[in-house]
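Everything in the sequence shown is counted per my numbering, starting at 939 for the first residue and increasing by one. By construction, the Cβ of each residue, glycine as well, lies at the ideal position given by its N, Cα and C atoms. Here the structure is laid out as structure tokens; the discussion comes afterwards.
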Amino acid sequence: MGLLNTLLCIPAVAMLLFAGLRMSISSGWLQIRGLPLAISSLFAGERRKFSSVAAVCTILGGNLGVGNISGTAIALSSGGPGFIVWMVLIITVASIIKYANCYISTSTRVQAQNGKTFGGPVVYVKHAFGVKWAPCVVAFVTAVCAITVGNLVQVNSLAIPMSLMDLPPLAAGILVAFALFFVSALGMNFIAKTVSGMVPAMVLLYIALCFVVLVKCYDNILPSLTLILTSFLNLDSLKNGAALAFIAEILAVVQVGALRGIFATDIGLGLEGTVHSLVPNECDDKRFVAQQSLISLVSPFVVAIVAFVTTMVLLTTGVWSDAALESTNMCFTAFTSALGSGYVEYALLGLMFCFSFTTMLTWLMCSKEALLYVLGRDAYGKAWTAFFIAIAPLGSVCTVALLWDIADLAISLATIVNTIGMLVVASRYRDMFNVAHLR
939 MGLLNTLLCI
949 PAVAMLLFAG
959 LRMSISSGWL
969 QIRGLPLAIS
979 SLFAGERRKF
989 SSVAAVCTIL
999 GGNLGVGNIS
1009 GTAIALSSGG
1019 PGFIVWMVLI
1029 ITVASIIKYA
1039 NCYISTSTRV
1049 QAQNGKTFGG
1059 PVVYVKHAFG
1069 VKWAPCVVAF
1079 VTAVCAITVG
1089 NLVQVNSLAI
1099 PMSLMDLPPL
1109 AAGILVAFAL
1119 FFVSALGMNF
1129 IAKTVSGMVP
1139 AMVLLYIALC
1149 FVVLVKCYDN
1159 ILPSLTLILT
1169 SFLNLDSLKN
1179 GAALAFIAEI
1189 LAVVQVGALR
1199 GIFATDIGLG
1209 LEGTVHSLVP
1219 NECDDKRFVA
1229 QQSLISLVSP
1239 FVVAIVAFVT
1249 TMVLLTTGVW
1259 SDAALESTNM
1269 CFTAFTSALG
1279 SGYVEYALLG
1289 LMFCFSFTTM
1299 LTWLMCSKEA
1309 LLYVLGRDAY
1319 GKAWTAFFIA
1329 IAPLGSVCTV
1339 ALLWDIADLA
1349 ISLATIVNTI
1359 GMLVVASRYR
1369 DMFNVAHLR
């Protein structure tokens, strides 16, 4: 599994970095200079049934899963404190891919005979390769990602801290399954409303909790920042004359940072294209497409902030170096060591539930859209929903390492397929990065 992951991870990361750097340069680093305009454009057209705010919150719901929080802890253990610098750099460079993906998806979206709109990689790969089986491949890898990244990993990360509170881990899976059943039974619009309502509150509460911890541990903030910067490029091996060891160490940290950056933001997985394609068009096509694409740049910025403050909490509390702690347990221990136990544990568990639940809803929504486009009949969508809910409890009894290996494998596969399709189609949209008409 490790060798296969490496063989797929390297081309996936290289492809994303190549595409991200190329598009960043050709767009004049639009993801940085266009961020203020993206935020101001976010609240335009709030009277829509499915608004831009709802779309961004749905994407953030998919990005900010509990696996995102536990993934930061795992990356810190395996890659060291320097991983966060590489993660932020890679998010910055590659986030323009979200813009391109959204632009192409909203430009190529189609309407079925029943009036339903479809968009995203499952649609544009057909334009890229011109073969009927291409959407089937995308639907398959999206389904695999949904099962692993968007389901089992989320439940597993939620179940791990249950044992710290003397609660059965299986209870997490059962509770999530019941909640999924209730919300999904009310339809896709209700799913979108649920996610867009929960995401802003849970993000603000989590960041506020992190800042309380940092205030409590303010003496360790500067040493932690120093540790991050010195670990970013560890020169110890180079000083000792071991050039190959230095290169190996740097590559290991870069790989961890890259994978977590991709996992945290879902760059290359096409969620933003699928979701923003559902936003109804209330202005001319060119303006609408550019506006939705620009708005999609907001989510990587928020994810980078959440990942950074989580890293600072783990470093300032000192729990990151404890080999006995893994995944979500490290995060729980960090907060409880700074704020005490009792109500904090239950508040954290509630937040973790919201993180995992919104991610699962987003992945259920996007995978169902992909399968419905390929299979056509609503009955298949209902069967997929039932299967997605039924397997959720399995995540609470699986091993952490196995689930993350499978998740990384699924991410790499989806990234390769979607990015190749996007690069092929992108050549047809030469004015893609022109947003002057939005100002």
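Contact between the region 1141–1158 and the region 1303–1323 is absent: fewer than 3 CB-CB pairs across the two stretches fall below 8 Å. The DSSP-derived three-state label of V1373 is coil. By the Cβ test, the region 1036–1054 is in contact with the region 1216–1234, since at least three Cβ pairs between them sit closer than 8 Å. Q1051: not part of any alpha helix (DSSP H); DSSP gives it neither H nor E. The beta carbon of P1107 sits closer than 8 Å to the beta carbons of A1097, I1098, M1100, S1101, S1334 and V1335 from its chain, once the five residues preceding and following it are set aside; these are given in chain order. Nearest C-alpha to V1031 among K1064, I997, M961 and A1072: M961. Judged by DSSP secondary structure, S1169 falls within the alpha helix (DSSP H) whose first and last residues are I1159 to F1170. Non-local beta-carbon contacts of V1247 in its own chain, meaning distances under 8 Å to residues more than five positions away in sequence, involve I1145, C1148, F1149 and L1152 in chain order. Judged by pairs of C-beta atoms under 8 Å, the region 1233–1245 does not touch the region 1062–1074, as fewer than three such pairs exist.
Contact between I1034 and L968 holds: CB atoms are separated by about 6 Å, below the 8 Å threshold. W1258 is classed as buried because its beta carbon has at least 16 other beta carbons within 10 Å across all chains shown. Here the alpha carbon of I1159 sits roughly 7 Å from the alpha carbon of M1250. By the criterion of a C-beta distance shorter than 8 Å, V1355 is surrounded in its chain by P1059, V1063, V1075, V1076 and V1079, once the five residues flanking it on both sides are discounted. If you look at V1114, you'll find it in the alpha helix (DSSP H) that goes L1108 to S1122. Annotated three-state conformation of C1155 is coil, per DSSP. Around the beta carbon of M1103, a 10 Å sphere encloses fewer than 16 other beta carbons of the protein chains shown; the residue is thus reported as exposed. Closest by C-alpha distance to Y1311, out of T1055, L1118, V1362 and L959, is T1055. For the pair A1038 and M1303, the CB atoms are not nearer than the 8 Å cut-off. For the 8 Å CB-CB criterion, S1134 and V1244 do not form a contact. Each of F1295, V1241 and I977 was checked against the Cα of V1091, and the nearest Cα belongs to F1295. Between G999 and T1300 the beta-carbon gap is near 4 Å, inside 8 Å, which marks them as a contact. For the set T1353, G1020, A957 and F1371, the Cα lying nearest the Cα of L1167 is the one of G1020. In this chain, the alpha helix (DSSP H) harbouring I1022 covers F1021 to A1032.
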